[in-house]
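Asker: Quick one: structure below, then a few questions.
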Amino acid sequence: MNLSSLLTIPNAITLVRLGLLPFYVSLMADGRVVAGSFFLGALGFTDWIDGYIARRFNQVSEFGKIIDPVADRLVFFVGITTAMYFGFFPVWFGVVILIREVSIAVVMVGGTLLGMERFAVTRLGKWATFALLCAVPWITIGAAGGVWVAFEVLGWLVGIPGIIASYIAFFQYLPTVRANMSSKRRL
718 MNLSSLLTIP NAITLVRLGL LPFYVSLMAD GRVVAGSFFL GALGFTDWID
768 GYIARRFNQV SEFGKIIDPV ADRLVFFVGI TTAMYFGFFP VWFGVVILIR
818 EVSIAVVMVG GTLLGMERFA VTRLGKWATF ALLCAVPWIT IGAAGGVWVA
868 FEVLGWLVGI PGIIASYIAF FQYLPTVRAN MSSKRRL
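Using our numbering, read the sequence shown as starting at 718 and increasing by one per residue.
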């Protein structure tokens, strides 16, 4: 991996996203659920931005293929666990999302350690991630009450299909992981 493949705009955006997670936690710890929810939504939106820039301007890198999904998982983990801890997000839904996130992380890391060749995320997997990156801050902001409850309704309308799609995508990845590990073992 050479330095020029690391120094790309998408990679910088991803690293900034990771670096700003503590600021989100501090907003939530201060009880600033509206500001925290908008900030978390902005962090989630950067996932789309860095991917668009990487593809549009031919800045896709091996480092980016690794760090971007890691950043996505960390945004979910930190975003959800923080909101649950401070009572702004339903624990049952957070646990359902986090179980899927832990499962996909274990499968992908385990597969990689066992020689799995990387493969592209499916369209369904991308859609599910996008839906959940929207749903989590929208449901969280509903804890502020008042007009913000409308966002919570939108969050549930996107979140329920998003979590279903994310589990379907996860189970669709399993044969691909197995096949990519098998092909590597035959070489």
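Glycine included, each C-beta is placed from N, C-alpha and C at the ideal position. Model, not experiment: these values are computed from the prediction.
Do residue 745 and the ligand ATP come close, with the Cβ less than 7 Å from some heavy atom?
Answerer: Looking at this structure, you won't find the ligand ATP or any other ligand, since it has none at all.
Asker: Could you round the C-beta distance between residue 814 and residue 880 to whole angstroms and report it? I think they count as a contact, below 8 Å.
Answerer: Along the sequence shown, read from residue 1 onward, the residue named residue 814 stands at position 97. Along the sequence shown, read from residue 1 onward, the residue named residue 880 stands at position 163. Indeed they touch by this definition, with Cβ atoms about 6 Å apart.
Asker: If we require 4 or more residues per run, which alpha helix (DSSP H) segments fall completely within the region 833 to 868?
Answerer: 840 to 858
Asker: Spatial neighbours of residue 811 within its chain, please: C-beta separation below 6 Å, excluding the five flanking residues on both sides.
Answerer: Here the question's residue 811 lines up with position 94 in the sequence shown. Taken in chain order, the residues that qualify are 797, 801.
Asker: Under the three-state reduction of DSSP, which class applies to residue 775: helix, strand or coil?
Answerer: Walking along the sequence shown from the start, residue 775 turns up at place 58. Three-state DSSP puts residue 775 in coil, outside helix and strand.
Asker: So, helix, strand or coil for residue 725, using DSSP?
Answerer: Counted from its first residue, the sequence shown places residue 725 at position 8. Coil.
Asker: What are the boundary residues of the alpha helix (DSSP H) that includes residue 749?
Answerer: Here residue 749 refers to the residue found at position 32 of the sequence shown. Element bounds for residue 749: n/a, residue is neither H nor E.
Asker: Could you name the residues of the same chain whose beta carbon sits closer than 8 Å to that of residue 823, not counting the 5 residues immediately before and after it, in chain order?
Answerer: As a first step, residue 823 must be located in the sequence shown, where it is residue number 106. Contacts found: none.
Asker: Taking a contact to mean a Cβ-Cβ separation below 8 Å, would you say residue 784 touches residue 730 in this structure?
Answerer: The residue you call residue 784 lines up with position 67 of the sequence shown. The residue you call residue 730 lines up with position 13 of the sequence shown. No, the pair does not count as a contact, with Cβ atoms beyond the cut-off.
Asker: May I ask you to verify whether the region 759 to 776 touches the region 822 to 837, counting CB pairs closer than 8 Å and requiring at least 3?
Answerer: no
Asker: Three-state secondary structure (DSSP) at residue 755?
Answerer: Within the sequence shown, residue 755 is the residue found at index 38, counting from 1. Helix.
Asker: Exposed or buried, what is residue 874 when buried is set at 16 or more other beta-carbons lying within 10 Å of its beta-carbon?
Answerer: Mapped onto the sequence shown, residue 874 falls at position 157. Exposed: under 16 other Cβ atoms inside 10 Å.
Asker: Got a sec, what are the start and stop residues for the alpha helix (DSSP H) residue 828 sits in?
Answerer: Within the sequence shown, residue 828 is the residue found at index 111, counting from 1. Annotation for residue 828: the continuous alpha helix (DSSP H) segment containing it runs 808 to 830.
Asker: Compute the beta-carbon to beta-carbon distance between residue 790 and residue 884, rounded to the nearest angstrom, for a pair I have assumed lies under 8 Å.
Answerer: Within the sequence shown, the letter at position 73 stands for residue 790. Within the sequence shown, the letter at position 167 stands for residue 884. Contact doesn't hold; Cβ gap of about 16 Å is too wide.
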